[in-house]
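Numbering of the sequence shown is given in UniProt numbering, commencing with residue 1 and proceeding in unit increments. Reading through the structure tokens given below for one structure.
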Amino acid sequence: MANNTRSVLVVGLGRFGSSVATTLDAMGQDVLAVDKDGELVNRWSSQIPTVQADMTDVMALEQINASDFDTAVVAIGDSVEASVITAGNLLDAGISDIWAKSVSKEHARILQRIGARHIINAETDAGKRVGHLVSGNYLDYIELEGAYSVVKIHTPPHVVGYSIEDARVHERFGITVVGVKSPGKEFEYGSKELIMHRNDELIIMGKQDQIDKFLRG
């Protein structure tokens with residue numbers, strides 16, 4: 001599951017959008033970041049693929065072939081109107097997986113009403129976390145101080161049916177399985193004899209490269 005790169009269009013290169021875009025790019029996802037502000041586009045163009053365009057304009061969407069993208073993140077924060085029009089245009093272009101940043105409850109309600117699937121509260125959801133969630137590999141992501149992260153994932157195929165001890169998770173990957181949530185069951189802490197099943201959600205802790213390695217097997 002970890003090697004499923006998806007193409008993501010990120011609209012808006014402010015603090016939040018640039019953080020989402022650089023995180024996705026670092027994870028090897030296929031990203032294009034768009035902003036109507038040429039200065040912002042120039043600032044980020046050496047780090048990530050960028051293009052200057054106004055996504056409230058339907059013609060601009062066609063020029064960058066927006067409909068080719070699997071997912072779009074609308075990270076426009078300075079104008080509710082521009083955010084809503086852009087989200088609507090992207091939905092019209094056929095992108096159903098839309099993540100949109102909201103700056104107020106009213107803004108979130110409008111975005112939901114027009115069909116944006118994921119509403120991000122810009123105040124609480126850091127761009128890096130959202131980048132990891134957009135990539136589709138993680139069900140949830142928490143960054144700890146220092147190099148460690150805690151993530152929630154589905155059991156990777158290579159350890160399905162194994163106990164934590166038999167899979168030698170810590171020895172091979174350096175990660176710790178904190179706990180397991182099986183469908184319809186209570187959360188269980190990650191004891192050595194706990195067996196990891198296909199539809200289980202694992203809570204794991206480790207450094208980013210260790211987590212990615214565990215996902216890939």
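For each residue, glycine too, the CB sits at the ideal point set by N, CA and C.
With the cut-off set at 8 angstroms, would you say residue i and residue j are in Cβ contact?
{"i": "lysine 36", "j": "alanine 21", "result": "no"}
{"i": "lysine 128", "j": "serine 19", "result": "yes"}
{"i": "aspartate 70", "j": "aspartate 97", "result": "yes"}
Tell me residue i's beta-bridge partners as DSSP assigns them.
{"i": "aspartate 30", "result": "Ser7"}
{"i": "glycine 179", "result": "Tyr189 and Ile203"}
{"i": "lysine 152", "result": "Asp140 and Ile203"}
{"i": "valine 72", "result": "Here residue 72 turns out to be alanine, not valine, going by the sequence shown. Bridge partners of alanine 72: Leu9 and Ile98."}
{"i": "glutamine 63", "result": "According to DSSP, glutamine 63 bridges with nothing at all."}
Look at the alpha carbon of residue i and the alpha carbon of residue j, and state the distance between them as a whole number of angstroms.
{"i": "valine 74", "j": "aspartate 212", "result": "26 angstroms"}
{"i": "glycine 217", "j": "glutamate 81", "result": "44 angstroms"}
{"i": "glutamine 112", "j": "alanine 126", "result": "20 angstroms"}
{"i": "serine 104", "j": "isoleucine 114", "result": "16 angstroms"}
{"i": "leucine 139", "j": "valine 58", "result": "33 angstroms"}
{"i": "isoleucine 85", "j": "valine 160", "result": "44 angstroms"}
{"i": "isoleucine 203", "j": "isoleucine 153", "result": "7 angstroms"}
{"i": "alanine 60", "j": "glycine 94", "result": "15 angstroms"}
{"i": "valine 169", "j": "glutamate 62", "result": "47 angstroms"}
{"i": "methionine 55", "j": "serine 135", "result": "22 angstroms"}
{"i": "valine 11", "j": "glycine 17", "result": "7 angstroms"}
{"i": "serine 79", "j": "valine 51", "result": "20 angstroms"}
{"i": "glycine 146", "j": "proline 156", "result": "25 angstroms"}
What are the boundary residues of the beta strand (DSSP E) that includes residue i?
{"i": "threonine 86", "result": "Where threonine 86 is concerned, there is no enclosing beta strand (DSSP E), although the alpha helix (DSSP H) it sits in stretches over 80-92."}
{"i": "histidine 118", "result": "118-121"}
Between which two residues does the alpha helix (DSSP H) holding residue i run?
{"i": "asparagine 42", "result": "38-44"}
{"i": "residue 295", "result": "With the chain covering 1 to 217 only, the question about residue 295 has no answer from this structure."}
{"i": "valine 169", "result": "169-173"}
{"i": "isoleucine 211", "result": "208-216"}
{"i": "valine 134", "result": "127-134"}
Within the same chain, show all residues whose beta-carbon is closer than 6 angstroms to that of residue i, passing over the 5 residues directly before and after it, in chain order.
{"i": "leucine 13", "result": "Ala33, Asp35, Leu40 and Trp44"}
{"i": "histidine 132", "result": "Tyr138 and Tyr141"}
{"i": "isoleucine 110", "result": "Val84"}
In its own chain, which residues sit with a C-beta less than 8 angstroms from the C-beta of residue i, not counting the 5 before and 5 after it?
{"i": "leucine 194", "result": "Ser163, Ile164, Val177, Val180 and Glu188"}
{"i": "glutamine 47", "result": "Thr22 and Asp25"}
To which residues of the same chain is residue i closer than 7 angstroms at the C-beta, ignoring the five residues directly before and after it?
{"i": "proline 183", "result": "Asn199"}
{"i": "isoleucine 208", "result": "Before going further, note that residue 208 is glutamine rather than isoleucine in the sequence given. The answer, listed in chain order, is Ser149."}
{"i": "asparagine 121", "result": "Ser102"}
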